[in-house]
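Residue numbers (this note's numbering), protein chains in the order written: chain A, 1 to 101; chain B, 1001 to 1386.
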Amino acid sequence: MRSLLALVLAAGPAMAELPQGRAAELEHIVIQDCGSCHGLTLKGGLGRPLTSDALAHAEPEGLAQIILDGIPGTAMPPWRPLLTEEEAMWIAEWLKTEKTP
Amino acid sequence: MKRLSRVSVLALLLLAAPLGAGADEQRATGDLGLVIERATGSLLLIDRSDRAALGRIEGLGDLSHATLTYSPDERFAYVFGRDGGLTKVDILTRTIVARTIQAGNSIGGAISDDGRLIAVSNYEPGGVKVFDADTLALLADIPAAGKTIGLVDVPGRRFAWTVWDTGEVFLGDFSGAEPQITPLGNAGKNPFDAVLTDDAHTYLIGLFGEKGVTAFDLWDATPTPQKFLTDYGKDGEDMPVYKMPHLQGWAFTEGQYALPAVGRHELLWVDRDSQQTVAMTPTHGQPVFVIAQPASPYVWVNFATPLNDVVQVVDSRSHEVVATLSPGKAVLHMEFAPRGAEVWISSRDDNKVLIYDTRTREKLGEIAAESPSGIFFTARAHQTGL
């Protein structure tokens, strides 16, 4: 029991927990749908670049908040109707760690 | 012929032989097209009559949001990539004949009416660059105070474009030794795309930062901005916009503009002359492309994610939805055969291009493609504005 708890604690900060298969779906959403504005390689377009370099100084919690609620007055929409808080957090962490080509 | 000696006839036959032998392998391009394979940076060459893929051209870089235009002889395609790449492709030899990385981030382009100039609209750094269509040598570099959108070709070696950040609209005349750039005025807050009507009369600019569409009369010597549709959907809450509508292919039919409502699941019908709203059609989702089926009263509409598995057909006389199709997952684009008999539909997440008969609205066939987005038939070579 203790080792399981340790595992959960160790895994917690690294990546949000998701049901099986959902991570691949989220990655697809980020590349294809976020990619409509931010570019398939996430180097930017109408929206800002989202490469791990560009987000080096951003807090994952802040990014998740932007994903969920958008940025009013800009073209960034709120994704809360389509994503859970855990999923937004997973995307924020993925963006910060993913090494885009 | 009688006067020719037997020897010279023989010589003629020998000379003609190699050409004659190649006749079967020669190919006309009038029914060909290209499909953008956005994830793999490749183009799929398609044959409309055979409903088949002929081959693939690779090495075009980041093709998310890529578009292309054709040379007047329908042999060369100019592909505008997201990564700033401008690539000239020979569709007969299926090879890249010229390529330049002309900016850090670009959004689209157009070819001049005489086929001599290629203009590219750039996000980073913002502005418009003009290239020689033969060599892709840079001829003019027009900076802008932001991201340029809605670049269209205007007859007389001219192009018009708009700036997302500032709302400024420009008309550039490249017919003389030096480019003449004329500011036309301000379209409004955050224009997201623009289109030229098929008669090159009206440059229409869609606004994201405020409600409305701004029109410039390009037949007028001194066009001024005319804003309309400024209060659509005022009785309801706007929904999030998960994909910007595209205006290239905006439908002009029955004396009306059929326009996508930004942030709403509606199609808006505006009288071309009075610019008054005549009707509203509730749709399956937020429209992205609204394209008129040639030689018919119908327009076809696809939608923003997550409602992008459906295509609807709307009658421009009754403004009613007359058909709802489910061609596949993530429908990104539709391209009609020039006379309207067929429509080709890209389903990104099914990795297919679906071919539909526009009369029966039944599927005629399908072609495998990698994450297909834009479909472009060579007939676009002769269309004003592209």
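Ideal Cβ placement from N, Cα and C applies to all residues, glycine included. All figures in this text were calculated on a predicted structure; none of them were measured in a lab.
Classify residue i as buried or exposed, calling it buried when 16 or more other Cβ atoms lie within 10 Å of its own Cβ.
{"i": "residue 1 of chain A", "result": "Residue confidence is low: residue 1 of chain A scores 47 on pLDDT, short of 50, so the model does not pin down where it sits. Its coordinate-derived value is still stated next. The residue in question, residue 1 of chain A, is exposed, as its Cβ has fewer than 16 Cβ neighbours within 10 Å."}
{"i": "residue 1021 of chain B", "result": "Here residue 1021 of chain B scores only 46 on pLDDT, less than 50, and its place in the model is too uncertain to base an answer on."}
{"i": "residue 38 of chain A", "result": "buried"}
{"i": "residue 1281 of chain B", "result": "buried"}
{"i": "residue 1168 of chain B", "result": "buried"}
{"i": "residue 1219 of chain B", "result": "exposed"}
{"i": "residue 1180 of chain B", "result": "exposed"}
{"i": "residue 10 of chain A", "result": "Note that residue 10 of chain A scores a pLDDT of 43, beneath 50, so its modelled location is shaky; the value from the coordinates is reported in the next line. Its Cβ having fewer than 16 others within 10 Å, residue 10 of chain A is exposed."}
{"i": "residue 13 of chain A", "result": "Annotation note: pLDDT 45 at residue 13 of chain A (below 50); position unreliable, coordinate value reported separately. Result: exposed."}
{"i": "residue 1342 of chain B", "result": "buried"}
{"i": "residue 56 of chain A", "result": "exposed"}
{"i": "residue 1329 of chain B", "result": "exposed"}
{"i": "residue 19 of chain A", "result": "exposed"}
{"i": "residue 71 of chain A", "result": "exposed"}
{"i": "residue 1118 of chain B", "result": "buried"}
{"i": "residue 1376 of chain B", "result": "buried"}
{"i": "residue 1026 of chain B", "result": "exposed"}
{"i": "residue 1102 of chain B", "result": "buried"}
{"i": "residue 1322 of chain B", "result": "exposed"}
{"i": "residue 28 of chain A", "result": "exposed"}
Quick one: is residue i near chain B, going by C-beta distance under 9 Å?
{"i": "residue 28 of chain A", "result": "yes"}
{"i": "residue 24 of chain A", "result": "no"}
{"i": "residue 88 of chain A", "result": "no"}
{"i": "residue 32 of chain A", "result": "yes"}
{"i": "residue 94 of chain A", "result": "no"}
{"i": "residue 54 of chain A", "result": "no"}
{"i": "residue 35 of chain A", "result": "yes"}
{"i": "residue 77 of chain A", "result": "yes"}
{"i": "residue 41 of chain A", "result": "yes"}
{"i": "residue 19 of chain A", "result": "no"}
Going by C-alpha to C-alpha distance, which of the options sits closest to residue i?
{"i": "residue 1266 of chain B", "options": "B:1253, B:1288, B:1273, B:1256", "result": "B:1288"}
{"i": "residue 1312 of chain B", "options": "B:1236, B:1356, B:1348, B:1248", "result": "B:1356"}
{"i": "residue 1347 of chain B", "options": "B:1214, B:1377, B:1367", "result": "B:1367"}
{"i": "residue 1111 of chain B", "options": "B:1134, B:1184, B:1126", "result": "B:1134"}
{"i": "residue 1378 of chain B", "options": "B:1159, B:1092, B:1138, B:1083", "result": "B:1092"}
{"i": "residue 1228 of chain B", "options": "B:1222, B:1245, B:1238, B:1257", "result": "B:1257"}
{"i": "residue 1382 of chain B", "options": "B:1030, B:1025, B:1026", "result": "B:1030"}
{"i": "residue 88 of chain A", "options": "A:74, A:73, A:72, A:59", "result": "A:59"}
{"i": "residue 1097 of chain B", "options": "B:1104, B:1089, B:1293", "result": "B:1089"}
{"i": "residue 82 of chain A", "options": "B:1184, B:1240, B:1171, B:1148", "result": "B:1240"}
{"i": "residue 1345 of chain B", "options": "B:1027, B:1040, B:1048, B:1042", "result": "B:1048"}
{"i": "residue 1292 of chain B", "options": "B:1372, B:1197, B:1363", "result": "B:1197"}
{"i": "residue 1113 of chain B", "options": "B:1071, B:1150, B:1099", "result": "B:1071"}
{"i": "residue 1105 of chain B", "options": "A:96, A:48, A:86, A:61", "result": "A:48"}
{"i": "residue 1296 of chain B", "options": "B:1315, B:1166, B:1278", "result": "B:1315"}
Using 9 Å as the limit for Cβ to Cβ distance, is residue i near chain A?
{"i": "residue 1021 of chain B", "result": "Low confidence applies to residue 1021 of chain B: its pLDDT is 46, below 50, so where it sits in the model is not reliable, and the reading given next is rough at best. So, not an interface residue."}
{"i": "residue 1168 of chain B", "result": "no"}
{"i": "residue 1064 of chain B", "result": "yes"}
{"i": "residue 1039 of chain B", "result": "yes"}
{"i": "residue 1240 of chain B", "result": "yes"}
{"i": "residue 1349 of chain B", "result": "yes"}
{"i": "residue 1334 of chain B", "result": "no"}
{"i": "residue 1150 of chain B", "result": "no"}
In chain order, which alpha helix (DSSP H) runs of at least 4 residues are fully inside the stretch 1314-1358 of chain B? none
Within the stretch 1030-1093 of chain B, ranges of the beta strand (DSSP E) (whole runs, at least 3 residues): 1032-1037, 1042-1047, 1052-1057, 1067-1070, 1076-1080, 1085-1090
Could you give the uninterrupted runs of the beta strand (DSSP E) lying entirely in the stretch 1155-1189 of chain B, keeping only those of 3 residues or more? 1158-1163, 1168-1173, 1180-1186
Pairing CB atoms from the stretch 1334-1341 of chain B with CB atoms from the stretch 52-67 of chain A, are three or more of them under 8 Å? no
With three or more C-beta pairs closer than 8 Å as the rule, is the stretch 19-27 of chain A touching the stretch 1116-1135 of chain B? no
Is it the case that the stretch 1056-1066 of chain B contacts the stretch 1022-1041 of chain B, given that we only count it when at least three CB pairs across the two stretches are under 8 Å? yes
So does the stretch 1170-1190 of chain B actually touch the stretch 1206-1219 of chain B, counting three or more Cβ pairs closer than 8 Å? yes
How do the stretch 1067-1084 of chain B and the stretch 68-81 of chain A stand: do at least 3 beta-carbon pairs fall below 8 Å, yes or no? no
Which parts of the stretch 1203-1228 of chain B are runs of the beta strand (DSSP E), unbroken and 3 residues or longer, counting only runs that do not cross its ends? 1213-1217, 1226-1228
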